[in-house]
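Trainee: Before we start, here is the structure in question, set down as structure tokens.
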Amino acid sequence: MARVWQLLVVIAALPSVAHAHSFARSYNIPVPFWLYAWGAIAALLLSFLMLAWSLNAPTPARQHTLHWHHAKPRTQQLTMIASAAALLVLLLSIATGMWGSADAYRNLNMTLFWIGIVLILPYLTVITGNCYALINPWRLLSRSAKVSYPAHWHYWPACIAYVVFIWIELFAGFGPRALAISLIIYSLYTVIAVRRYGLHDWLRYGDVFALMLRLIGKMAPLTYRGPSSQARYGSWAWRWPLSGLLQSRANHASEVLFILFMLSSTAFDGLHATRWWAERYWIDGFALLEPWLGSNIVTAYPTLKAGFVVYETLALVLSPVLYFGLYVACLWLAKRLLRSDISLHELILRFAYALIPIAVVYHASHYFTLVITQGSQLPRLASDPFGWGWNLFGSASANPWIILPDMNWVWHSQVALIILGHIAGVYAAHQEALRCFATAREALISQLPMLVFMMALTVFGLWILAMPLNPAG
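Below is the structure:
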């Protein structure tokens, strides 16, 4: 027992890393966790049965889009102005990081990037559609390509960039200046790639933010179609929410892995901050390594600390592979149950977009509290972006107010978001199943393994939210 306490003390003494998504959920859930878990499972099962009873055929494609509105030349000019404004925001983030205060809570760039761009922009995209496609600052670059984008690369550049981005977010512990330097490096990387492979192809396959927001935008009731050979100007359309998930499908396994990493990286972010996760390494792992490191954890600590980084990095990188394996196993089982002629590869691509709502609500349930708390500081920071004591807009305050939501309300909101997201995923998957299989009965049977998969994801997500945090995390 003494040894266990010694290990726990070491865990608590680990240096904490302040990253964008830390939010100390140090509270007890209102009722036992198992009640929430069974309630969530019951809600998913009930929604699945209701969909199976009410939907016997896929919704016709013509009913997905309600009305197209063709943009005018003036609208195109406004989009260029919006792109220029987005570029100014990027430059402001760099400038404040390079020459502003080193205090992350006084410098605008940390809150503007991590809260405004990484969190708020995706949530707005769920409502407004892929607005990033219009305000993207890289639209101002030359569109001509020196060489064609290599077809065999598919979405792998965006996948790799996404893993690197999440690793930096979780483990690098960047301050304002390091963030500014990272933005400069990524900007140069994007400029070179766009000028080499062209704006359209690179933003479709290589840019992590463009791909992520394009996928999230498929859930929105508003969509934008860019200019083409048939239409000189772009056009807007209202459509039923979630219908964009049914109008197309994933093109390659790399896109499916990208979607699954949207899901697994959020789950990992919550899991790696828990005491349970730390104990798996510092107690169980140390027990396995004791023959080589000895029984004294104090002398073994430097080696264990370096190994902990490897432990977490491997878990992060392998997390989408694990999710991919479970996802493929469910589809393989569905194929075997129906003895379907549709290839497993085809099913993997067809049902991938049904996972997007789940990834979005996981993201929102974990991080919306940070939007409320730290996001409320944006008006104050806008008046003093460099942390030099300015008050440009009169919103700077010596005693800024911070919104602190009630913890019970937070938990119930998180549960509701996760359940609603999984219901949306069940709906999208059932609609796709009706397209794939000949009868409603076959569609129903095909979705049973996916329903179990989504139930498991729901319980796992709630379990992570209910776990006590590691005090050093």
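Quick note on numbering: the sequence shown equals residues -20 to -1, 1 to 453 in mature numbering (1 follows the signal peptide of the UniProt record, and there is no 0).
In this text, a Cβ means the ideal position worked out from N, Cα and C, and glycines have one as well.
Nearest CA to the CA of D187: which residue from S426, F238, L268, T438?
Mentor: Ranking the options by Cα distance to D187, first place goes to F238.
Trainee: Which class does Y103 belong to by DSSP, given the choice of helix, strand or coil?
Mentor: Reduced to three states, the DSSP call for Y103 is helix.
Trainee: Note down, in chain order, each residue of its chain lying with its Cβ closer than 6 Å to the Cβ of L226, except the 5 sequence neighbours on either side.
Mentor: Hits under 6 Å: Q411.
Trainee: Go through the stretch 353 to 420 residue by residue and report every complete run of the alpha helix (DSSP H) that reaches 4 residues or more, in order.
Mentor: Taking only runs of at least 4 residues, the alpha helix (DSSP H) segments lying wholly in the stretch 353 to 420 are 358 to 363, 387 to 416.
Trainee: Are at least three pairs of beta-carbons, each pair with one atom in the stretch 352 to 368 and one in the stretch 412 to 425, less than 8 Å apart?
Mentor: Cβ pair count under 8 Å is below three, so no.
Trainee: Suppose you measure from the CA of A200 to the CA of L273; what does that come to, to the nearest Å?
Mentor: Those two C-alpha atoms are separated by around 54 Å.
Trainee: Using 8 Å as the Cβ pair cut-off and three pairs as the minimum, do the stretch 174 to 184 and the stretch 75 to 94 touch?
Mentor: At 8 Å Cβ cutoff, the stretches do not touch.
Trainee: Would you call the stretch 302 to 321 and the stretch 263 to 280 touching, i.e. three or more CB-CB distances under 8 Å?
Mentor: With a cut-off of 8 Å, the stretch 263 to 280 and the stretch 302 to 321 do not count as touching, because too few Cβ pairs lie within range.
Trainee: Check the C-beta distance from S375 over to A362 and give it rounded, since I have them as a contact under 8 Å.
Mentor: Rounded, the Cβ-Cβ distance is 7 Å, consistent with contact.
Trainee: Taking its Cβ as the centre, do 16 or more other Cβ atoms sit within 10 Å of A65, making it buried, or is it exposed?
Mentor: Exposed is the call here.
Trainee: Can you give the beta carbon distance from residue 456 to I74, rounded, assuming they're within the 8 Å contact cut?
Mentor: Here the chain comprises residues numbered -20 to 453, so residue 456 is not present and cannot be evaluated.
Trainee: Do A138 and L191 have their C-beta atoms within less than 8 Å of each other?
Mentor: The answer is yes: Cβ separation under 8 Å.
Trainee: Among the residues of its own chain, which have a CB less than 6 Å from the CB of T246, if the five just before and after it don't count?
Mentor: Taken in chain order, the residues that qualify are Y342, H343, H346.
Trainee: Is T105 near L358, with beta carbons less than 8 Å apart?
Mentor: Cβ atoms of T105 and L358: not closer than 8 Å.
Trainee: Just checking my contact of I398 with L335 at CB under 8 Å: how many whole Å lie between their CB atoms?
Mentor: Contact doesn't hold; Cβ gap of about 14 Å is too wide.
Trainee: Buried or exposed for I140, please, with buried defined as at least 16 other CB atoms from any protein chain shown within 10 angstroms of its CB.
Mentor: The residue is exposed, with fewer than 16 neighbouring Cβ atoms inside 10 Å.
Trainee: Go ahead and pull the three-state DSSP assignment for S345.
Mentor: Helix at S345.
Trainee: Is the stretch 420 to 430 touching the stretch 366 to 374 in the sense that three or more CB pairs, one from each, lie closer than 8 Å?
Mentor: In short, these stretches do not touch, since the Cβ pair count stays below three.
Trainee: Straight-line CA distance for S(-5) to A253?
Mentor: Residue confidence is low: S(-5) scores 41 on pLDDT, short of 50, so the model does not pin down where it sits. Its coordinate-derived value is still stated next. C-alpha separation (whole angstroms): 10 Å.
Trainee: If L24 sits next to M434, beta carbons under 8 Å apart, how far is it from one beta carbon to the other, in whole angstroms?
Mentor: Confirmed, about 6 Å.
Trainee: Report the residue from L195, Y291, A230, V127 whose alpha carbon sits nearest the alpha carbon of D181.
Mentor: Considering only alpha carbons, the answer is V127.
Trainee: Could you say which of I95, A339, I263, I328 lies nearest to A233 if we only look at CA atoms?
Mentor: The option with the nearest alpha carbon to A233 is I328.
Trainee: Helix, strand or coil for R42, going by three-state DSSP, please let me know.
Mentor: Legend: pLDDT at R42 = 48, less than 50; position of this residue unreliable, value from coordinates given subsequently. R42 falls in the helix class under three-state DSSP.
Trainee: Can you list, in chain order, the stretches of the alpha helix (DSSP H) that have 4 or more residues and sit fully within the stretch 108 to 134?
Mentor: Segments of the alpha helix (DSSP H) lying fully in the stretch 108 to 134: 112 to 115.
Trainee: Under three-state DSSP, which class holds I196?
Mentor: Three-state DSSP puts I196 in a helix.
Trainee: Shortest alpha-carbon distance to W262 belongs to which of K285, S167, P221?
Mentor: When each option's Cα is compared against that of W262, the closest is K285.
Trainee: Rounded to a whole number of angstroms, what is the C-alpha to C-alpha distance between N110 and F348?
Mentor: Rounded to whole angstroms, N110 to F348 spans 20 Å at the Cα level.
Trainee: Roughly how many angstroms separate the alpha carbons of W220 and F288, rounded to a whole number?
Mentor: Roughly 46 Å between the two C-alpha positions.
Trainee: For a quick check, are the C-beta atoms of Y185 and W218 less than 8 Å apart?
Mentor: Not in contact: Y185 and W218 (Cβ atoms no closer than 8 Å).
Trainee: Starting from the C-beta of N87, find all residues in its chain whose C-beta is less than 6 Å away, skip the five residues before and the five after it, and write them out in chain order.
Mentor: These residues qualify, in order along the chain: T76, G80, S81, P156, G367.
Trainee: Do the CB positions of C365 and L101 come within less than 8 Å of each other?
Mentor: First, the residue type needs correcting, since residue 365 is Pro and not Cys in the sequence shown. No.
Trainee: Could you name the residues of the same chain whose beta carbon sits closer than 6 Å to that of G197, not counting the 5 residues immediately before and after it, in chain order?
Mentor: Taken in chain order, the residues that qualify are T105, G109, N110.
Trainee: Give me, in chain order, the residues of the same chain whose beta-carbon lies closer than 8 Å to that of A62; leave out the 5 immediate sequence neighbours on both sides.
Mentor: Closer than 8 Å at Cβ, skipping near neighbours: L114, I115.
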